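Presented below is the structure to which this report refers.
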Amino acid sequence: MRRLGKHGHPHRTAPIRLRYPHPRQGIRRLGQRRTARRRDGGDTLSGSKPGLGIIAEAVLLQLPLRVGLGGLFCLAAFKKLQDPQSFAEAIKGFKVLDANEFGHLIITGAFTIPWIELVAGVMLVLGFWTRASALTLGLALVGFMAALMSVIFRGLNASCSCFGDLNLVCGHEIGWCQVIRNLVLLIPAGYLIWRQGGLLSIDHALQTRRRDHWSEHDPLPPQANKGPNTGGDADIRFDPIGDRA
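In this text, residue positions in the sequence shown follow the numbering used here: the first is 6, and each later residue adds one.
In structure tokens form, the structure reads like this:
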């Protein structure tokens, strides 16, 4: 039963002030703070403009590393696709798989590996799915290094054929030079996995477009719904009885 006031009307209790924001608003603000800490290319969902350091990093580091590493793998893939038979023979020379029993896998790898390098290289140059592309090329470098070190430790005389008939830094004979070269290439791959493509990338353009779309369809004014005792969060009043006369 309801308690009645002294004039016979339902007793109204004082509104309860909740010291936490509205759940939906709080989740959005929490997501904005986390995205701001991640800093994808220096721009965030908070709409802040990138600073000079972020712009310099994109121009002097991220773009050259993307174009250099991605272009190098595109060149390697193009040379392998020009002469897939030589690449298949180079894979046989590693003697990781028996040529008689696993010949079909060697032929499949001779055609598949160059296309993976080409697609990942093009995506890295464009800055599209930068982190996934750099991770793919980084894993390929680790796999190549493992195969090269296996040949070295077993004392085999094999040809690398990493860039077809080109000799970039190292010769065709497999040695520690190829291992060091792949180890050096892992540095820009790891950096791009960490920092992504930067301002001059398709990833950043798509992120900016999504941010503008969200701000148009679901705006969140920074000064909205501030209460005097909630530290800037929404001031929500809850009356369990109801404001009825």
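All C-beta atoms, glycine included, are put in the ideal place defined by N, C-alpha and C.
Note that the structure is a prediction, hence the values are computed from the model and not measured.
| Check | Outcome |
| --- | --- |
| Simplified DSSP assignment, three categories, for P227 | Residue confidence for P227 is low, a pLDDT of 48 falling below 50, so the modelled location carries little weight and cannot support an answer. |
| Beta-carbon contacts of G202 that lie in its chain and below 7 Å, excluding the five residues immediately before and after | G46, Q67, R71, G132, T135, D208 and H209 |
| L70 - containing alpha helix (DSSP H), residue span | L68 to Q87 |
| C-alpha distance - W181 paired with N105, whole-angstrom precision | 29 Å |
| C-alpha gap between C79 and G126, whole angstroms | 5 Å |
| Three-state secondary structure (DSSP) of E106 | coil |
| The alpha helix (DSSP H) enclosing G132, as first and last residue numbers | Premise fails: G132 is in no alpha helix (DSSP H) and is neither H nor E. |
| Identity of the residue in P193, E94, M154 and F99 nearest G65 by Cα | Per the sequence shown, the amino acid found at residue 65 is Leu instead of Gly. Here the closest residue by C-alpha is P193. |
| Residue interval of the alpha helix (DSSP H) (run including P193) | W181 to R200 |
| Separation of L153 from V147, as counted between CA atoms | 10 Å |
| For S164, the residue or residues it bridges with in DSSP | E178 |
| Helix, strand or coil at K97 according to DSSP, with G and I counted as helix | helix |
| Cut-off 6 Å between Cβ atoms - residues of its own chain near V174, not counting five sequence neighbours on either side | R186 |
| CB of I111 within 7 Å of CB of A93, strictly | yes |
| Own chain, CB closer than 7 Å to Y196, minus 5 neighbours either side, in chain order | L70 |
| Between the CA atoms of F99 and E62 - distance to the nearest angstrom | 40 Å |
| Check whether P89 and F116 have beta carbons under 7 Å apart | yes |
| Burial state of T113 (16 or more Cβ within 10 Å) | exposed |
| Span separating the alpha-carbon of W199 from that of G58 | 16 Å |
| Alpha carbon of C167 to alpha carbon of W219, nearest angstrom | 46 Å |
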